[in-house]
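Here the sequence shown stands for residues 78 to 603, numbered as in the numbering used here. The next block holds one structure in the form of structure tokens; read it before the comments.
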Amino acid sequence: MNVNLYGSRGRWVMVDCGVTFADHQYPGIDLVLPDLAFIEERLDKLDGIVITHGHEDHIGALPYLADELGVPIYATPFTAGLIRHKLEEERIADRIKLRVIQPGDAFKVGPFGFEFVPMSHSIPEANALLIDTPAGRIFHTGDWKLDADPVIGKPASAEQLTAIGDKGVDVLVCDSTNVFNAEASGSESTVRTGLMETIAKARGRVLVTTFASNAARLQTLGEVAEETGRALCVAGRSLDRIIKVAKACGYLRNFPDTITPEEAMRLPRNEVLIVATGGQGEERAALARVAAGSHPIKLDSGDTVIFSSKQIPGNEVAIGRIQNALAGKGVKMVTEKQAHVHVSGHPGQPELAALYGWLRPKLLVPVHGEMRHLMEHARFGQAQGIPNALVQTDGDLVRLAPGKPEKIGHAQVGRLVLDGDVILPADGATINERRRLGLYGQISVAVAVTQHGRLAGAPQVRLQGIPVEEERPEFIAEAEEAAAEAMQGARRDRDRLREDIRLAVRRCATRWTGKKPMVDVLILEV
């Protein structure tokens, strides 16, 4: 859910605008968006949005927030293609200015000078940003790694990065994701051997799940499919979209023609290679449906699933659930622990140290990762000779230059959720009510009263999520009796009457269940 704001001379520019994916604390929610209240109050001072690359945590919020921000978006061709597709899905493409910049090109956004610096990552056209301001120069890495032999793209060389450092870098804003890794992440091209060996010795159907955006991995899988004599089947809308945009941008030139899931099922089991989304345990992705038996692709005993991706922290339970379902079918599973079928897209310590040496920044600002990653990155950078490091938390306003870097204030930050077609506060009334419903259940009480406030008929009670099973009729009868007793005597104050009934029914529920459910009371005058 990356959003960065840089300010200079009273003007602002945004770098990236992403989403994160909801977990159990947001029931009924898939996407979590950043709260942009700080810049929304200063829209007349915002000059544009510059995008480093096309991963969801960097572009995913644009379809929901870009129209309101009302400024141009700057991106390289592949990233722009992904963004355009998203804007078209939301029917706002004609209202958003999407400006395509070629990798390596320089451009201006308000008082800021920008240059896209190509870097390696697990998606085409990942870029660092060289940001020129009157007060100093910033090198904002985005997500990156070093790769001497990339499958797709041509990242900046050591000589090019050294030349940038020779001109002076005041601030390095740098990816911290793999700062605890003592070894370099490794080249994308090395994965080919591990995939080739694993797929070549498999006897049944082979399904490989990987990040849809990793076009280089798709290129490799296409080549492996041809060399092992297997037809290639692609399962997942996001994979289809990546392939389409990548081909339009000149990538995946020799990618084999794909077959449909139905065609794949008609082939002999050892003649098909399936690439599917869902390696992070996403419930609605292709792999989850295959595991559950609700997808046209069927896997059985003797088939193989290769997890050509890293297990993202927090997804362990969801991934484990799918792996257990596959194991129950007799499917063999191979992860990066059993074979060299994945490399990370983020820099380990040797890569970080190399970048420091080329750029020679005066200040390091760690980003991307949790607090333990940021703090470790700050320590590592200073141990490697960077004079200063500054660790931010969300919302910190930091003066980077001129003068001593320091925190000078705090902006409002937070989370929004996409609930159906509505954007809501993540901790607002709607989501809090939903949490309480999930935790405690709900009881509805309807009572009819006369004009004088007397009971005109038996109260009616209905339950949702209350832990009474066989005793349900007995509980309802007692709850209705409690509601009737709470109405003894004439009353004209409807609010007081409603509260008396609510408390009486909730006390009844607590006696039966030990829980305090939500109780809604409807009073009808007859």
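Think of the CB as a built atom: it goes at the ideal place given N, C-alpha and C, for glycine as much as any other residue.
Check                                                                                                                                                                                              : Outcome
Answer yes or no: do D380 and R492 have a C-beta to C-beta separation smaller than 8 Å?                                                                                                            : no
Taking the beta carbon of R573 as the centre, do at least 16 other beta carbons fall within 10 Å, making it buried, or is it exposed?                                                              : exposed
Buried or exposed, going by whether 16 or more other CB atoms sit within 10 Å of the CB of L599?                                                                                                   : exposed
Could you tell me which uninterrupted alpha helix (DSSP H) segments, each at least 4 residues in length, are contained entirely in the stretch 494–570, listed from first to last along the chain? : 506–517 and 549–562
Is L139 closer than 8 Å to K163 when the C-beta atoms are compared?                                                                                                                                : yes
Would you mind working out which of A323, L284 and A289 sits nearest L309, comparing C-alpha positions?                                                                                            : L284
Looking at the structure shown, is R172 part of a helix, part of a strand, or coil, going by DSSP?                                                                                                 : helix
Just list the beta strand (DSSP E) runs in the stretch 226–289, keeping only unbroken ones of 3 residues or longer that don't cross its boundaries, in chain order.                                : 248–252 and 283–286
Taking just the CA atoms, how far does P201 sit from K439?                                                                                                                                         : 30 Å
Check for me: the beta strand (DSSP E) holding E192 runs from which residue to which?                                                                                                              : F189 to M196
Could you pull the start and end residues of the beta strand (DSSP E) that L601 belongs to?                                                                                                        : M595 to E602
Can you list, in chain order, the residues of its chain whose CB lies under 6 Å from that of P188, leaving out five sequence neighbours each side?                                                 : S85, R86 and R88
If we count Cβ pairs, one from each stretch, closer than 8 Å, do we get three or more for the stretch 252–270 versus the stretch 404–412?                                                          : no
Go ahead and label T297 buried or exposed: buried means 16 or more other beta carbons lie within 10 angstroms of its beta carbon, across all protein chains shown.                                 : buried
Would you please state the rounded distance, in angstroms, between the beta carbons of S421 and F288? I believe it to be under 8 Å.                                                                : Not really, about 11 Å apart at Cβ, beyond 8 Å.
Beta carbon of A203: closer than 7 Å to some heavy atom of the ligand GDP?                                                                                                                         : By its list of ligands, the structure shown contains no ligand whatsoever, and the ligand GDP lies outside what it can speak to.
Can you find the residues in the same chain that come closer than 6 Å, C-beta to C-beta, to K409, ignoring five residues on each side of it along the sequence?                                    : T381
Would you check if the distance between the CB atom of C251 and the CB atom of V444 is smaller than 8 Å?                                                                                           : yes
Mind checking whether P227 and N204 have CB atoms under 8 Å apart?                                                                                                                                 : no
Identify which residue in R366, P502 and P550 has its Cα closest to the Cα of V109.                                                                                                                : P502
Let me know if D194 comes out buried or exposed under the rule of 16 or more other beta-carbons within 10 Å of its beta-carbon.                                                                    : First, the amino acid is wrong: residue 194 is Val here, not Asp. Buried, because 16 or more other Cβ atoms sit within 10 Å of the Cβ of V194.
Taking just the CA atoms, how far does H423 sit from I169?                                                                                                                                         : 33 Å
Among all the DSSP beta bridges, which residues are the ones paired with N81?                                                                                                                      : V92
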